[in-house]
Structure formats: C-alpha cells, structure tokens
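**Q**
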Amino acid sequence: MRKTFDQVDTRTAILRIKDGALGPLPACELQLRPLTVFVGPQGSGKSLAAQVLYFFEELPYLVQWLLTTERGSASWEAEHIVGFLLDQLRSAGRRFATFANKKVRIDWSRGEPWEIQSLENKAALGFRMYRVNRLVKLSSKDRREVEHLRDYAGQRRHVRHHALFFPTERIVTPLLRTIGALRVVRLPITYDLFDHWLVEHGVESESEDNDPFETELLNILGGQVLRRGDDWKWKFKEGQFDLDLASSGQRANWSLPYLTRALRIQAGRSSVAPGLVLFVEEPEIHLHPEAQVGVVRLLARMVNLGFRVVVTTHSLDVLYAVNNLVQAGSLTEHNGPNLPATDVRLKREQVSVYRFRQGLSPESLVDEETGFISESELGRVSQSLAEEYNRISAARTAEGQGG
0 MRKTFDQVDT
10 RTAILRIKDG
20 ALGPLPACEL
30 QLRPLTVFVG
40 PQGSGKSLAA
50 QVLYFFEELP
60 YLVQWLLTTE
70 RGSASWEAEH
80 IVGFLLDQLR
90 SAGRRFATFA
100 NKKVRIDWSR
110 GEPWEIQSLE
120 NKAALGFRMY
130 RVNRLVKLSS
140 KDRREVEHLR
150 DYAGQRRHVR
160 HHALFFPTER
170 IVTPLLRTIG
180 ALRVVRLPIT
190 YDLFDHWLVE
200 HGVESESEDN
210 DPFETELLNI
220 LGGQVLRRGD
230 DWKWKFKEGQ
240 FDLDLASSGQ
250 RANWSLPYLT
260 RALRIQAGRS
270 SVAPGLVLFV
280 EEPEIHLHPE
290 AQVGVVRLLA
300 RMVNLGFRVV
310 VTTHSLDVLY
320 AVNNLVQAGS
330 LTEHNGPNLP
340 ATDVRLKREQ
350 VSVYRFRQGL
360 SPESLVDEET
370 GFISESELGR
380 VSQSLAEEYN
390 RISAARTAEG
400 QGG
C-alpha cells in the first residue's frame with residue numbers, strides 16, 4: 000500500500016562508499032532518515048554526497064529528462080546514461096569522475112521500491128567510477144535496472160518527481176531566466192530542474208493555502224514572490240518591485256515557502272511521488288538567525304507531512320533548532336506557546352546528523368540514547384573565540400587597562 004502524505008515516513012536509505020573515495024569522502028556508510036543533516040567545513044564532501052543522493056532518488060525522472068533533452072539517448076547504453084547524468088550534477092562541461100579516487104564503488108538502497116508499476120525493482124543501485132579514463136561501470140544487475148528505467152520513461156509521457164534540489168546558487172536562478180541567460184548558457188542539472196520546478200510546478204504566491212510555518216517564514220522574510228510570466232516580483236506591505244531589488248536573504252530563500260506550498264498542494268497527484276526528498280543546500284545563506292529557525296521549522300513540518308529532507312549546513316543555529324525539535328519530540332504531555340508546536344516536533348528515529356571532515360568518514364553527531372545533537376564541529380569556533388577573548392582580557396589586565 001502506498002503511503003499518504005499524512006503518514007510519517009520511517010524508511011532509512013543507505014549510501015555506501017565501499018571502495019576508493021569520492022573527493023574528500025573515504026569509505027563510509029550514511030543512514031538517511033526523514034531528516035538528514037550534513038555539517039562540516041568547506042570542501043569536506045557534503046555537497047558531493049547530497050548530489051549523489053539526489054541522482055539516485057530522482058533517477059526515474061532524470062532518465063526521462065535525458066530522453067527529452069538529448070537526441071539519440073533512447074539508444075544509449077546504461078553506463079552512458081549514468082555517466083552523463085552524473086556529469087550534469089556538478090557542471091555541464093566537466094566529468095563527475097574527476098572526484099573519483101582511482102576507482103570508487105558507490106552503492107545506494109532507497110529502503111523501499113519506487114512506486115513504478117510493471118517494473119521489478121528494489122531501488123538499490125551502484126556504480127564504479129574511474130578517474131583515469133573518466134568511465135562509469137555498472138554490474139549486470141545495475142545495468143538491467145537502468146535499462147528498465149530507460150524503457151519505462153520512454154513509454155510514458157510523465158514520470159513522477161522523487162526529489163527536488165535547492166542549490167546554494169538558488170539566489171540567481173529566477174534572475175537568470177529573466178535576462179534570458181538560461182537560453183544560451185547550459186547550467187548543471189540542479190540549476191536547470193530547480194528552474195523547472197519554479198516555473199512549471201510553482202503556484203501563485205497569492206494563494207491563500209499557506210501552512211502556518213510557510214506564513215511564519217514569509218513574515219520573517221518581510222514579503223513574498225509573485226510570478227508574472229518570466230518576471231518575478233517581490234511583494235511586501237508597501238508595494239512591490241522587481242525581485243532583483245530585494246535583499247540577498249529574500250532572494251535566496253523565498254523559494255522555500257513558495258515550493259513547499261506547491262508540494263503540499265500537488266501531493267498525491269501525478270507529478271509528485273510519495274516520500275519526495277527535498278535537498279536544501281545551506282538554508283541559512285544570507286539569513287538572520289531568527290529566519291534560520293523559521294526555515295528549520297518549515298522543513299520539519301514537511302518531514303511530518305511525509306516528505307523527506309536532506310540539509311547541508313554551516314550554521315550552529317540550524318543545529319540548535321533541529322536539536323530543540325528532537326528534544327521536544329520526546330514530550331508526551333506538555334504543550335504551550337513557549338514550546339515548539341507539535342506539528343514540527345521530531346522523533347529521534349526521524350533524524351540523522353553527520354559531521355564531515357576531509358579524509359575522514361562522516362561521524363554521527365546524534366546520541367543514540369538521548370537524541371541530543373552534539374554541536375562540537377560548529378561550536379568549536381565559538382569556543383575558540385571565547386578562549387581568545389579570555390586571553391585578550393588577561394593581556395589587557397596585565398597591561399593595566401582593566402575590563
């Protein structure tokens with residue numbers, strides 16, 4: 000029986016790097032729960048892991064996208080299909096295998112099959128990638144799986160979306176469309192399909208069907224977006240103007256409540272599959288801490304509506320906000336205006352948090368007994384600054400400057 004969107008998804012997907020390494024990521028296993036958070040410094044592999052996960056989750060639709068955009072792709076071999084789609088994740092002009100360390104074996108299991116009829120699949124795939132010759136190799140089982148997806152996509156006009164990727168550069172996507180750049184510049188697939196979501200799947204922002212947590216974030220942002228053909232307007236209390244005149248935080252994050260509304264409205268329809276995964280890179284970009292908390296609550300609300308969320312972040316406020324929702328999820332009797340709303344509370348089994356560091360396997364930051372999320376990775380910077388301040392104060396005292 001298919002899940003409905005009012006049932007909480009409890010499946011655990013698995014991503015394994017079995018041999019070699021992917022960029023800075025060595026052999027490891029990641030358990031992806033309904034809300035998964037990746038934290039760590041720049042260049043530690045967070046985005047690479049998220050992009051590979053997006054490739055696997057959205058593969059049925061990506062294959063159809065390929066068939067409709069690349070002439071002759073209906074006859075491509077499975078390795079060509081996988082290699083081409085991987086290449087499009089990061090750059091439309093460079094090979095993804097650049098990140099392969101000699102040869103890398105990546106395996107993934109969705110935890111349950113895609114809801115694709117007449118396709119005998121387990122939604123478990125893998126591939127090898129070679130840096131030297133930039134080739135992708137599939138086992139015979141995985142090759143048959145991709146060929147099944149190709150044939151399935153070729154026989155149907157519409158294949159459901161299983162994932163939506165919010166790239167860090169989402170701040171410029173609607174503006175690129177406005178100036179026509181998308182017509183002459185080929186962007187990575189994450190840009191292209193994000194723009195596709197905004198234009199084809201978005202709903203008018205005047206809709207009254209707002210979730211309270213969408214409304215909360217829009218109020219914090221101080222307005223909302225209206226779409227007028229290829230033009231985007233920022234509407235606020237005093238009026239409206241072109242979106243490119245809005246603040247960087249508004250331009251970077253209006254798409255979150257805009258598209259979560261679209262997903263809620265379209266849930267269960269032909270275009271959106273149950274358990275669709277939202278990949279959100281750096282939800283904190285250009286945002287005041289209060290707005291960061293609002294984003295976390297909105298994403299938690301989506302999790303409790305049956306969607307799944309993968310977040311990459313550098314924000315300690317994001318971690319604190321997630322931790323509070325997990326701790327509140329253990330409450331059974333207490334509710335009140337000063338506690339997180341029950342609609343956004345999270346159970347321990349719904350959340351994974353991993354710390355990424357260059358050359359080391361990602362480490363879980365969630366205590367298995369208490370569900371408490373350690374802030375050690377991000378908090379060490381604040382601790383270092385506090386210690387530095389104490390040394391400065393001691394030096395000032397020694398010089399007789401006081402306070």
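In terms of numbering that gives the first Met the number 0, the sequence shown opens at residue 0 and continues consecutively. Note that CB positions come from ideal geometry on N, CA and C, so glycine has one too. Everything numeric in this text was worked out from a predicted model, so none of it was measured.
Beta carbon of L34, beta carbon of A327: below 8 Å?
**A** The count along the sequence shown starts at 1 and reaches residue 34 at position 35. The count along the sequence shown starts at 1 and reaches residue 327 at position 328. No, the pair does not count as a contact, with Cβ atoms beyond the cut-off.
**Q** Residues in the same chain with beta-carbon distance under 8 Å from Y388, minus the five sequence neighbours each way, listed in chain order, please.
**A** In the sequence shown, counting from the first residue as 1, residue 388 sits at position 389. Taken in chain order, the list of residues that qualify is empty.
**Q** Could you give the residue range of the beta strand (DSSP E) that holds E213?
**A** As a working note, residue 213 is residue 214 in the sequence shown. Counting along the chain, E213 falls outside any beta strand (DSSP E), though it belongs to the alpha helix (DSSP H) covering P211 to L220.
**Q** Can you tell me the Cα-Cα spacing of A378 and P40, whole angstroms?
**A** To locate residue 378, count along the sequence shown from 1; it is residue 379. To locate residue 40, count along the sequence shown from 1; it is residue 41. Reading off the sequence shown, one finds Gly at residue 378, where the question assumed Ala. Going by the C-alpha atoms only, they are around 12 Å apart.
**Q** Going by DSSP, which residues form a beta bridge with E280?
**A** Translated into positions along the sequence shown, residue 280 becomes position 281. For E280, which the question treats as bridged, DSSP gives the partners T311.
**Q** Note down, in chain order, each residue of its chain lying with its Cβ closer than 6 Å to the Cβ of N100, except the 5 sequence neighbours on either side.
**A** Walking along the sequence shown from the start, residue 100 turns up at place 101. Result list for N100: G19 and A20, in chain order.
**Q** Between P166 and Y190, which are expected to be in contact by the criterion C-beta below 8 Å, what is the C-beta distance as a whole number of angstroms?
**A** Taking the sequence shown and counting its residues from 1, the one referred to as residue 166 is at position 167. Taking the sequence shown and counting its residues from 1, the one referred to as residue 190 is at position 191. Between Y190 and P166 the Cβ distance is about 6 Å, and since that is below 8 Å, they are a contact.
**Q** How about L77 and Y129: do their beta carbons lie closer than 8 Å?
**A** Translated into the one-based positions of the sequence shown, residue 77 becomes position 78. Translated into the one-based positions of the sequence shown, residue 129 becomes position 130. Correcting the residue type first, residue 77 is Ala in the shown sequence and not Leu. No, these two residues do not count as a Cβ contact at 8 Å.
**Q** Quick one: measure Cβ to Cβ for V350 and S363, integer angstroms, because I've assumed they're closer than 8 Å.
**A** Along the sequence shown, one-based indexing puts residue 350 at 351. Along the sequence shown, one-based indexing puts residue 363 at 364. Not really, about 10 Å apart at Cβ, beyond 8 Å.
**Q** Would DSSP call Q357 helix, strand or coil?
**A** Counting from 1 along the sequence shown, the entry for residue 357 is found at position 358. The answer is coil: DSSP assigns Q357 none of H, G, I, E or B.
**Q** If we require 4 or more residues per run, which alpha helix (DSSP H) segments fall completely within the region 11–84?
**A** If we require 4 residues or more, the alpha helix (DSSP H) runs fully inside the region 11–84 come out as 45–56 and 58–68.
**Q** At the level of alpha carbons, what is the spacing between P361 and E237?
**A** If you number the sequence shown from 1, residue 361 lands on position 362. If you number the sequence shown from 1, residue 237 lands on position 238. So the two alpha carbons sit approximately 47 Å from each other.
**Q** Restricting to Cα atoms, I'd like to know which of Q154, E281 and K136 is closest to P59.
**A** Here residue 59 is taken as the residue at index 60 of the sequence shown, counted from 1. Per the Cα distances, Q154.
**Q** Does DSSP put V365 in a helix, in a strand, or in coil?
**A** Taking the sequence shown and counting its residues from 1, the one referred to as residue 365 is at position 366. Strand at V365.
**Q** To which residues does DSSP link V352 through a beta bridge?
**A** To locate residue 352, count along the sequence shown from 1; it is residue 353. Partner(s): V36.
**Q** In terms of DSSP beta bridges, what is W233 paired with?
**A** Working through the sequence shown from its first residue, we reach residue 233 at position 234. In the DSSP output, where bridge partners are listed per residue, W233 has V224 and F240.
**Q** Near K136, which residues of its chain fall below 6 Å by C-beta distance, leaving aside the five closest residues on each side in sequence?
**A** As a position in the sequence shown, residue 136 is number 137, starting the count at 1. If we look at K136 and ignore the five residues flanking it on each side, its Cβ neighbours are R127.
**Q** If you follow the beta strand (DSSP E) that V103 is in, where does it begin and where does it stop?
**A** If you number the sequence shown from 1, residue 103 lands on position 104. Unbroken beta strand (DSSP E) run through V103: K102 to S108.
**Q** Straight-line CA distance for T9 to R109?
**A** For this step, residue 9 is matched to residue 10 along the sequence shown. For this step, residue 109 is matched to residue 110 along the sequence shown. T9 and R109: Cα-Cα distance of roughly 12 Å.
**Q** Return helix, strand or coil for V131, following the three-state DSSP convention.
**A** Translated into positions along the sequence shown, residue 131 becomes position 132. If DSSP states are grouped into helix, strand and coil, V131 belongs with coil.
**Q** Candidates R149, L275 and L66: which alpha carbon is nearest F164's?
**A** Locating residue 164 in the sequence shown gives position 165, counting from the first residue. When only C-alpha atoms are compared, the closest one is L275.
**Q** Starting from H161 and walking both ways along the beta strand (DSSP E), at which residues does that stretch end?
**A** Translated into the one-based positions of the sequence shown, residue 161 becomes position 162. Taken as a continuous stretch (DSSP letters only), the beta strand (DSSP E) holding H161 covers H160 to F165.
**Q** Put P273 into one of helix, strand or coil per three-state DSSP.
**A** For the purposes of this step, residue 273 is taken as the residue at position 274 of the sequence shown. Of the three classes helix, strand and coil, the one that applies to P273 here is strand, per DSSP.
**Q** Give every residue of the same chain whose Cβ lies closer than 8 Å to the Cβ of S375, excluding the five residues on either side of it in the sequence, and list them in chain order.
**A** Locating residue 375 in the sequence shown gives position 376, counting from the first residue. The residues are R354 and L364.
**Q** Pairs of beta-carbons, one from the region 283–295 and one from the region 332–340, closer than 8 Å: are there three or more?
**A** Too few Cβ pairs lie closer than 8 Å, so no.
**Q** How big is the Cα-Cα spacing for L88 and Q50?
**A** One-based indexing of the sequence shown puts residue 88 at position 89. One-based indexing of the sequence shown puts residue 50 at position 51. So the two alpha carbons sit approximately 7 Å from each other.
**Q** Is it right to say S254 is buried, meaning 16 or more other beta carbons lie within 10 angstroms of its own, or is it exposed?
**A** Taking the first residue of the sequence shown as 1, we reach residue 254 at position 255. Looking at its Cβ environment, which holds 16 or more other Cβ atoms inside 10 Å, S254 is buried.
**Q** Just the Cα atoms here: how many angstroms apart are S246 and I170?
**A** By one-based count along the sequence shown, residue 246 stands at place 247. By one-based count along the sequence shown, residue 170 stands at place 171. Their Cα atoms are separated by approximately 10 Å.
**Q** So, L66 versus S72, is the Cβ gap smaller than 8 Å?
**A** As a first step, residue 66 must be located in the sequence shown, where it is residue number 67. As a first step, residue 72 must be located in the sequence shown, where it is residue number 73. Cβ distance < 8 Å, so L66 and S72 count as in contact.
**Q** Measuring CA to CA, which of E281, D342, T312 and T331 is closest to V302?
**A** Working through the sequence shown from its first residue, we reach residue 302 at position 303. The candidate whose alpha carbon is nearest that of V302 is D342.
**Q** Please check the pair L262 and F193, which I expect to be a contact at CB under 8 Å, by giving their CB distance rounded to whole angstroms.
**A** In the sequence shown, residue 262 corresponds to position 263, counting from 1. In the sequence shown, residue 193 corresponds to position 194, counting from 1. That pair is no contact at about 13 Å.
**Q** Assuming Q17 contacts D106 under a Cβ cut-off of 8 Å, what Cβ separation, rounded to an integer in Å, is found between them?
**A** One-based indexing of the sequence shown puts residue 17 at position 18. One-based indexing of the sequence shown puts residue 106 at position 107. Here the sequence assigns Lys to residue 17, which means Gln is not the residue at that position. The pair is a contact, with the Cβ atoms about 6 Å apart (cut-off 8 Å).
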